[in-house]
Ligand code: SF4
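In the working numbering, the protein residues as written are 174 to 405.
Put into structure tokens, the structure is as follows:
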């Protein structure tokens with residue numbers, strides 16, 4: 174079934190092609206709405222060790238060409254988008270498994286992540302968003318995918334159940350509302366801030382305490398109605 178600007182195989186199109194937001198922004202949103210707004214509203218970005226390692230892992234996933242093995246074709250760095258969710262991006266790896274006897278061809282997205290499995294839903298949401306994009310583009314049902322973690326070198330299967338799909342829908346809607354609103358939420362210091370690539374931009378370090386000599390100069394200048402630099 175072909176796509177039109179008004180409809181998609183999975184529902185009415187809610188977003189124009191030029192109003193799509195990066196699928197990766199869902200990860201920022203679920204990590205911290207302020208971080209998401211700093212990146213996608215204020216256009217700030219900073220890399221730290223974690224983001225560099227993650228980028229290198231994705232580059233390795235993206236660098237390979239598509240390949241075929243018995244029973245499966247593997248596509249890499251596949252462009253994806255959903256007009257319904259308003260998301261665009263690339264899929265690291267998508268496996269197209271041949272149909273079994275009497276069965277349908279299986280499409281399995283595989284997302285590469287640095288580190289190890291997280292306690293929150295951000296990785297699963299990003300992966301499921303990828304599946305929803307592919308479902309809309311290909312007109313097929315995708316019941317499950319997989320996450321591959323660089324640190325553990327382990328692949329985890331993820332079922333795209335109703336709860337996870339609903340979370341993706343809510344996250345995509347919240348992302349669009351946040352970006353459309355154009356207001357960056359206030360910073361709230363939390364333990365996760367220590368691993369945030371935007372820490373130095375978001376929460377500037379407090380001014381360094383002045384030395385005893387500097388404090389004396391400032392006090393003396395004030396008593397003489399002078400600027401401190403006039404005494405140094
Ligand atoms: S430093 Fe903390 S509050 Fe600021 S963007 Fe990062 S996670 Fe959010």
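Cβ atoms here follow ideal geometry from the backbone N, Cα and C, with glycine treated the same way. Because the structure is a prediction, the values reported are computed rather than measured.
In the structure shown, residue 341 falls within a helical segment according to DSSP collapsed to helix, strand and coil.
Rounded to the nearest angstrom, the gap between the Cα atoms of residue 307 and residue 262 is 11 angstroms.
Beyond the five residues adjoining it in sequence on each side, residue 330 comes within less than 7 angstroms, by CB distance, of 317 and 319 in the same chain, given in chain order. Taking the Cα positions, residue 311 is about 31 angstroms away from residue 214.
Cβ-Cβ separation between residue 260 and residue 302: approximately 6 angstroms, consistent with a contact (criterion under 8 angstroms). Residue 281 places its beta carbon 9 angstroms or farther from that of residue 265. DSSP places residue 204 inside the alpha helix (DSSP H), whose first and last residues are 198-204. Per the DSSP secondary-structure output, residue 332 pairs in a beta bridge with 317. Residue 242 carries a strand assignment under DSSP once its states are collapsed to helix, strand and coil. For residue 388, the shortest separation between its Cβ and any heavy atom of the ligand SF4 does not lie below 8 angstroms. In the three-state reduction of the DSSP assignment, residue 215 falls in the coil class, being assigned neither a helical nor a strand state.
Rounded to whole angstroms, residue 209 and residue 258 show a C-alpha spacing of 17 angstroms. Residue range 260-270 is occupied by the beta strand (DSSP E) that includes residue 263.
Here the C-alpha atom of residue 197 lies approximately 32 angstroms from the C-alpha atom of residue 243. Residue range 279-286 is occupied by the beta strand (DSSP E) that includes residue 284, with no alpha helix (DSSP H) assigned at that position. In terms of Cβ geometry, residue 371 and residue 218 form a close pair [threshold 9 angstroms].
Note on geometry: alpha-carbon atoms of residue 298 and residue 367 lie some 23 angstroms from one another. Under DSSP, residue 327 shares a beta bridge with 322. Here residue 195 is bridged, per DSSP, to 261.
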